[in-house]
Amino acid sequence: MTKKVRRKEDGSAGLLDQLDLFVTLPGDIPTHDEQEMMERPFFSLSKQRRSEPIDYSVQNGTTTVTVNVTAPAEIGIATIWDCDILIWAVSQLRAAKAQGQPTTPHFHVPLYELLRGIDRPTGGDEYRRIVEALERLSATLIRTNIRQGKKKRPEGFHWIERYAAPTDDLGRSTGVEFTISDWLYEGVLTDRLVLGIDRAYFKLTGGIERWLYRVVRKHGGHQAGGWAFTMKQLHHKSGSTQRVADFAKELRVAVERQRLPGYWLELVRNDEGEEVLNFTERCQLSTNHPGFQFKRLPRPPMGFPAD
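When we follow our numbering, the leftmost residue of the sequence shown carries the number 714, and every step to the right adds one.
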């Protein structure tokens, strides 16, 4: 179902006036992420303002995949915590599509429902933090050739094209409105580009830890043998501004904690002496392995296919 935004009492048009707005689905829905957004370094991994661009390229067969991310220095690049808003939107769109409901890239959601959907507290300074996140998502410019195919045309977009966070006369939020980019919206509508993630992801507090889970979930999947990357590969994929040595130190801490939901991490050395991270779905481990866990089966709502 879609609806029109009502005009203000003075007759002026609101920010998303006359746009069909997505009506959010009630209750708990499965959490989904967009696979290309998970795999490439689109976000800052630090809560400190990052003004240095992310400039990434990697050879993928005969194609060189490129990602360039910039933002005004006074605002900074969108962070991996800001991405929670996009994950919420992806989850809503995926659920609506699975249930045969119409979709749109234009959202209006009560602040309480958005915070609840991304497992955030619903009081204190959360309104301010959401507004700041929307500002960074709106200000961050992404240039990439992902999904260009043979067109070879320059393509740039912002994660959020427009947003509003109005309040009433008492300063209370009356909801959050935003429009996600066509690039992200089109990716969600293509089933193969959406992947279910564990809701416990929102509990991860470290930027590298959050980034690592998304990479592991994207590549590790449900393979019995797991997957592996060298430390240098992971550092390159992250877009981190840290030295490789400092990045490796934080990643080793993440391995020691073993907090990534559903996956077991292990650091080894390959034949060339390089440090390698192996990751395996916990349910694929031997039952006597200390990291073994039975697979948690999701309970999707009626009409929603399980991953």
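Don't be surprised by glycine CBs; every beta carbon is placed ideally from N, CA and C. This one's a predicted model, so the numbers in the text were calculated from it and none came from an experiment.
Original post:
Do the CB positions of K916 and D832 come within less than 8 Å of each other?
Top reply: In the sequence shown, residue 916 corresponds to position 203, counting from 1. In the sequence shown, residue 832 corresponds to position 119, counting from 1. With respect to the 8 Å criterion, K916 and D832 are classified as neighbours on the basis of their beta carbons.
Subject >> Cβ shell of A941 (< 7 Å), same chain only, five flanking positions each side left out >> reply: Walking along the sequence shown from the start, residue 941 turns up at place 228. V989, L990 and N991.
**OP:** Identify the continuous beta strand (DSSP E) that holds I855 and give its terminal residues.
**Re:** Your numbering for residue 855 matches position 142 in the sequence shown. From DSSP, the beta strand (DSSP E) with I855 extends over L854 to T857.
Subject >> Alpha-carbon to alpha-carbon, Y898 and Q731 >> reply: Your numbering for residue 731 matches position 18 in the sequence shown. Your numbering for residue 898 matches position 185 in the sequence shown. Residue placement at Q731 is poorly supported in this model, since its pLDDT is 48, which falls under 50; the coordinates are not used for a value here.
Original post:
What do you reckon, are the CB atoms on I790 and R763 nearer than 8 Å?
Top reply: Here residue 790 is taken as the residue at index 77 of the sequence shown, counted from 1. Here residue 763 is taken as the residue at index 50 of the sequence shown, counted from 1. The answer is yes: Cβ separation under 8 Å.
**OP:** Go through its chain and collect everything with a Cβ distance to Q1006's Cβ below 7 Å, but skip five positions before and after it.
**Re:** Here residue 1006 corresponds to residue number 293 of the sequence shown, with the count starting at 1. Correct list, in chain order: R995 and C996.
Original post:
At which residue ranges does the segment 894-932 contain complete alpha helix (DSSP H) runs of 4 or more residues, listed in the order of the chain?
Top reply: 895-902
Original post:
Any chance the segment 850-857 sits against the segment 776-784, with 3 or more Cβ pairs inside 8 Å?
Top reply: yes
**OP:** Check whether the Cβ atoms of E839 and L828 lie closer than 8 Å to each other.
**Re:** Position 126 of the sequence shown, counted from the first residue, corresponds to residue 839. Position 115 of the sequence shown, counted from the first residue, corresponds to residue 828. Result yes, Cβ atoms of E839 and L828 sit closer than 8 Å.
Original post:
What is the DSSP secondary structure of I873, counted as helix, strand or coil?
Top reply: As a first step, residue 873 must be located in the sequence shown, where it is residue number 160. Strand, per DSSP.
Original post:
Is the number of C-beta pairs between the segment 921-937 and the segment 889-903 that are closer than 8 Å three or more?
Top reply: no
Original post:
Would V929 be called buried (16 or more neighbouring beta carbons within 10 Å of its own) or exposed?
Top reply: Residue 929 sits at position 216 when you count from the first residue of the sequence shown. By the 10 Å Cβ count, V929 comes out buried.
Original post:
In chain order, what residues of the same chain have a beta carbon less than 8 Å from the beta carbon of K760, not counting five sequence neighbours either side?
Top reply: In the sequence shown, the residue the question calls residue 760 occupies position 47. Excluding residues within five positions, the ones whose Cβ falls inside 8 Å are T792, W794 and G920.
Original post:
In terms of residues, what are the limits of the beta strand (DSSP E) holding L978?
Top reply: Residue 978 sits at position 265 when you count from the first residue of the sequence shown. Segment Y976 to R982, the beta strand (DSSP E) holding L978.
Subject >> For T744 and G693, believed in contact at Cβ under 8 Å, the rounded distance >> reply: For residue 693 there is no data in the structure shown, the boundaries of the chain being 714 and 1020.
Subject >> Where E787 falls, given that 16 or more other Cβ within 10 Å makes a residue buried >> reply: Along the sequence shown, one-based indexing puts residue 787 at 74. E787 should be labelled exposed.
Subject >> Where D882 falls, given that 16 or more other Cβ within 10 Å makes a residue buried >> reply: Counting from one through the sequence shown, the residue named residue 882 turns up at place 169. Flag for D882 reads exposed.
Subject >> Through-space distance from G884 to H949, alpha-carbon basis >> reply: Stepping through the sequence shown from its first residue, residue 949 is reached at position 236. Stepping through the sequence shown from its first residue, residue 884 is reached at position 171. So the alpha carbons of these two residues sit roughly 44 Å apart.
Subject >> Contact between the segment 813-824 and the segment 887-896 (3+ Cβ pairs under 8 Å) >> reply: yes
Original post:
Do T993 and G939 come within 8 Å of each other at the CB atom, strictly closer than that value?
Top reply: Your numbering for residue 939 matches position 226 in the sequence shown. Your numbering for residue 993 matches position 280 in the sequence shown. Going by beta carbons, G939 and T993 fall inside the 8 Å limit.
Original post:
Applying the criterion that 16 or more other CB atoms from any shown protein chain within 10 Å of the CB defines a buried residue, is D746 buried or exposed?
Top reply: Taking the first residue of the sequence shown as position 1, residue 746 is located at position 33. Buried, because 16 or more other Cβ atoms sit within 10 Å of the Cβ of D746.
Original post:
From which residue to which residue does the beta strand (DSSP E) around E747 run?
Top reply: On the sequence shown, position 34 is the one that residue 747 refers to. Start and end: H745 to E747.
Original post:
When burial is assigned at 16 or more other CB atoms within 10 Å of the CB, is A809 buried or exposed?
Top reply: Working through the sequence shown from its first residue, we reach residue 809 at position 96. Burial call: buried.
Original post:
According to DSSP, is E848 helix, strand or coil?
Top reply: What you label residue 848 is simply residue 135 of the sequence shown in a count that begins at 1. Residue state, collapsed to three classes: helix.
Original post:
How many whole angstroms separate the CB atoms of A802 and I843, which I take to be in contact at a CB cut-off of 8 Å?
Top reply: Taking the sequence shown and counting its residues from 1, the one referred to as residue 802 is at position 89. Taking the sequence shown and counting its residues from 1, the one referred to as residue 843 is at position 130. Between A802 and I843 the beta-carbon gap is near 13 Å, outside 8 Å, which marks them as no contact.
Original post:
Leaving out the 5 sequence neighbours to the left and right, which residues in its chain are closer than 6 Å to M944 when beta-carbon positions are compared?
Top reply: The sequence position of residue 944 within the sequence shown is 231, counting from 1. These residues qualify, in order along the chain: A961 and E988.
Subject >> Beta-carbon proximity of Q812 to F735, cut-off 8 Å >> reply: If you number the sequence shown from 1, residue 812 lands on position 99. If you number the sequence shown from 1, residue 735 lands on position 22. Contact: no.
**OP:** Name the residue from G830, V981 and H819 whose alpha carbon lies nearest to the alpha carbon of E874.
**Re:** On the sequence shown, residue 874 is found 161 positions in, with the first residue counted as 1. The candidate whose alpha carbon is nearest that of E874 is H819.
Original post:
Using DSSP with H/G/I as helix, E/B as strand and the rest coil, what is A967?
Top reply: For the purposes of this step, residue 967 is taken as the residue at position 254 of the sequence shown. The three-state reading of DSSP puts A967 in helix, counting H, G and I together.
Original post:
Can you give, in chain order, each stretch of the beta strand (DSSP E) that sits fully within the segment 747-807 and has at least 3 residues?
Top reply: 767-773 and 776-783
**OP:** Would you grab the beta carbon distance between N858 and V778 for me? Rounded to a whole angstrom, and I think it's under 8 Å.
**Re:** As a working mapping, residue 858 is identified with position 145 in the sequence shown. As a working mapping, residue 778 is identified with position 65 in the sequence shown. Between V778 and N858 the Cβ distance is about 7 Å, and since that is below 8 Å, they are a contact.
Original post:
If you draw a straight line from the C-alpha of I767 to the C-alpha of F755, how long is it?
Top reply: Within the sequence shown, residue 767 is the residue found at index 54, counting from 1. Within the sequence shown, residue 755 is the residue found at index 42, counting from 1. Near 8 Å, if we compare the C-alpha coordinates of F755 and I767.
Original post:
What number of angstroms, rounded off, separates the C-alpha of L830 from the C-alpha of D895?
Top reply: On the sequence shown, position 117 is the one that residue 830 refers to. On the sequence shown, position 182 is the one that residue 895 refers to. Checking the displayed sequence, the identity of residue 830 turns out to be Gly instead of Leu. So the two alpha carbons sit approximately 22 Å from each other.
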